[in-house]
Each structure stands twice: as C-alpha cells, then as structure tokens.
Amino acid sequence: MRAPRIAVAVVTMGNRPDEVDALLESVAKQDVPPERIVVVGNGCPLPDFARRLSLPGEVTAVELDENLGCPGGRNAALARLREFGDIDVVVDLDDDGLLVDPDVLRRVRDLYAADERLGIVGFRIADDLGETQQRHVPRIGNSDPLRGGYVTGFLGGGHALRMAMLDEVGDWPAEFFFAHEETDLAWRAADAGWRILYAPELLLRHPKTSPARHAIYYRVNARNRVWLARRRLPLALVPVHLGVWVLLTLARNRSGAGLRAWFGGFVEGVREPAGERRPMRWRTVWRLTRLGRPPVV
12 MRAPRIAVAV VTMGNRPDEV DALLESVAKQ DVPPERIVVV GNGCPLPDFA
62 RRLSLPGEVT AVELDENLGC PGGRNAALAR LREFGDIDVV VDLDDDGLLV
112 DPDVLRRVRD LYAADERLGI VGFRIADDLG ETQQRHVPRI GNSDPLRGGY
162 VTGFLGGGHA LRMAMLDEVG DWPAEFFFAH EETDLAWRAA DAGWRILYAP
212 ELLLRHPKTS PARHAIYYRV NARNRVWLAR RRLPLALVPV HLGVWVLLTL
262 ARNRSGAGLR AWFGGFVEGV REPAGERRPM RWRTVWRLTR LGRPPVV
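For the sequence shown, the residue numbers in the working numbering are 12 to 308.
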C-alpha cells in the first residue's frame with residue numbers, strides 16, 4: 012500500500028508571527044517532510060515564509076478577505092489542497108503550537124497506513140511544563156492524558172484528518188465560527204463508520220489557555236451547543252443533551268455576565284436556523300456510549 016501523503020495546514024489571524032515561524036520551523040525538522048504546507052491568513056495578509064524560513068518546500072499562502080473563524084479558515088485550506096489533488100491526510104496545527112518531536116508526521120503516516128478506516132487522529136496537547144489540561148483529554152472524568160485508544164472526539168489544536176473521510180462526510184461546519192466544530196465533525200465521521208484515535212505519543216506543545224479568553228466564548232459556545240444537538244442527535248436525545256449542559260453550565264459558571272451571555276446564545280441557537288439536519292443513527296449512539304462518552308454529555 013502506498014504511504015499516505017501528508018499536508019500541514021495552519022490558520023492564523025496574523026497576530027502571532029513569531030509563533031507561526033517557530034511552528035513552521037518545527038515542521039521543517041520532521042524526519043518525514045510534508046508534501047504540502049498551507050497557511051491561511053484569516054482576514055489578514057501573510058509574510059513571504061519562503062524567504063524568511065528554512066522550509067523543506069514552498070508554503071502555499073491563502074489570504075482571506077475576512078475572518079471566517081477557525082472552521083471556515085480550515086475549509087479554505089482544504090479547498091486549496093483539493094486543487095492540488097495529491098494529499099491523503101491533512102494535519103491541522105494551532106498557530107501557537109509547536110511540534111517538539113521530529114517524528115510526529117512519520118507516526119501519523121504510519122497510523123493511517125495501518126488502518127484504512129482510521130478517519131481522525133487526535134494529538135496530545137501539553138504546556139511548557141508538560142501538563143495536559145483535563146479539558147484536552149477526549150474522555151469523561153479525570154482521565155490519564157497518556158492513555159491512548161479509540162475515542163469519540165478530538166482536539167482542534169492538533170489533529171489529522173483523512174481526506175477521503177472529509178470527502179464522504181463533509182468539511183468543517185463554517186457557520187459555527189468557533190466552538191464545538193470538532194464534535195460536529197467527529198459525530199459525522201463516527202456515524203459513517205470512521206474510527207477516531209487519540210494518540211498521546213503525538214505531542215503538540217501549546218501555551219496553557221482558557222477558552223473563555225475569547226470575547227465571544229459564552230455566546231457561541233451555547234449557540235453552537237444547541238445547533239450541534241439540533242443537527243446531529245436523534246430527536247429524543249436533543250432535550251436530554253441540552254438539559255444536561257444547562258445544568259453543567261449552572262454548576263460550573265459563577266459569572267453573572269457569563270451566564271447571561273451563555274443563555275443569550277442558547278436562545279439564539281433555538282431561534283436561528285441550525286443548518287442541515289442529519290441525525291446520527293441509534294447504533295452510533297450505542298457505539299459512542301461503549302467508547303465511554305454517550306452523546307448526551
């Protein structure tokens with residue numbers, strides 16, 4: 012079997028030039044170089060990477076006129092890769108991440124070569140001290156971040172996607188802009204029979220952050236949560252899923268302003284069109300439950 016051809020895609024808003032340079036340098040040090048590197052300027056111009064960095068090949072720059080959000084920017088990278096037509100797997104990396112080990116892309120290649128139904132591979136994200144935040148572990152509860160295996164979701168900061176899977180199930184939900192786009196894609200992939208693997212040996216170093224650092228976090232988090240349920244869950248599970256998350260939000264959030272923004276987004280998610288409705292099958296619900304995360308949590 013031919014070894015899968017790997018591309019690396021990075022989306023940036025232009026506010027982290029030094030971090031992007033460092034990330035691309037870490038890509039250049041991989042012992043299996045990518046076939047393509049695409050950097051998307053999400054509503055911003057991009058520098059001439061070829062003249063500034065020692066990269067194994069040309070960087071394809073895609074400059075968007077407006078910020079389309081993370082999923083929209085990643086779709087722009089996918090569109091350009093499809094124009095080339097010579098990529099089997101795309102590795103998405105946050106623009107402030109860093110590949111510490113030189114064998115990450117080789118390991119990704121070997122994982123996909125060994126399993127033709129492997130659709131998504133999630134990386135482990137750790138800060139400068141080697142700590143992985145619990146929200147970055149794709150399992151419920153206080154799970155060991157070093158325990159790999161098949162899971163129900165993946166991390167947006169560092170992951171790999173098989174292009175054939177995307178051709179079958181569709182690309183990122185661009186209308187989400189930010190929050191829960193990974194779950195929407197993961198549920199579609201699982202429903203189509205693709206496997207999702209958490210591979211902690213694939214390390215992306217990333218600064219320790221909170222999702223609430225984004226001004227729009229509470230509103231779009233709630234809106235997209237409602238859209239996700241309306242789009243992907245059987246009707247009987249929609250109120251269960253949303254009810255669980257209302258209770259969790261009330262239990263976790265002590266900010267009055269944050270709660271007001273969250274419930275405002277929740278109402279927006281109910282009132283506004285959610286996009287296509289393609290609910291998962293009940294056998295997918297059971298499969299996700301057996302993997303440790305029923306789609307109501």
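Using N, Cα and C, we set each Cβ at its ideal position, and we do this for glycine too. Predicted model, so just to flag it, every value in this text is computed and none were measured.
{"Asked": "Per DSSP, TYR209 is paired with what?", "Found": "GLY133, GLY160"}
{"Asked": "Would you decide whether GLN145 is buried or exposed? Buried here means 16 or more other CB atoms lie within 10 Å of its CB.", "Found": "exposed"}
{"Asked": "Starting from ALA272, trace the alpha helix (DSSP H) in both directions and tell me its first and last residue.", "Found": "267-282"}
{"Asked": "Which partner residues of GLU74 appear in the DSSP bridge assignment?", "Found": "GLY52"}
{"Asked": "Could you compute how far the alpha carbon of ALA201 sits from the alpha carbon of ALA124?", "Found": "19 Å"}
{"Asked": "Quick one: what does DSSP say HIS252 is sitting in, helix, strand or coil?", "Found": "helix"}
{"Asked": "Does the separation of the CB atoms of ALA285 and TRP256 fall below 8 Å?", "Found": "no"}
{"Asked": "What's the C-alpha gap between LEU215 and SER37?", "Found": "10 Å"}
{"Asked": "Does the beta carbon of ARG120 sit closer than 8 Å to a beta carbon anywhere in chain D?", "Found": "The chain labelled as chain D is not found in the depicted structure, where only one protein chain is given."}
{"Asked": "How big is the Cα-Cα spacing for VAL281 and ARG234?", "Found": "8 Å"}
{"Asked": "Given GLU192, which residues of its chain have a CB within under 6 Å of its CB, disregarding the five upstream and five downstream residues?", "Found": "PRO82, TRP183, PRO184"}
{"Asked": "So, do the segment 93-102 and the segment 171-182 have three or more beta carbon pairs nearer to each other than 8 Å?", "Found": "yes"}
{"Asked": "Are the CB atoms of VAL22 and VAL51 nearer to each other than 8 Å?", "Found": "yes"}
{"Asked": "Does DSSP put ARG292 in a helix, in a strand, or in coil?", "Found": "coil"}
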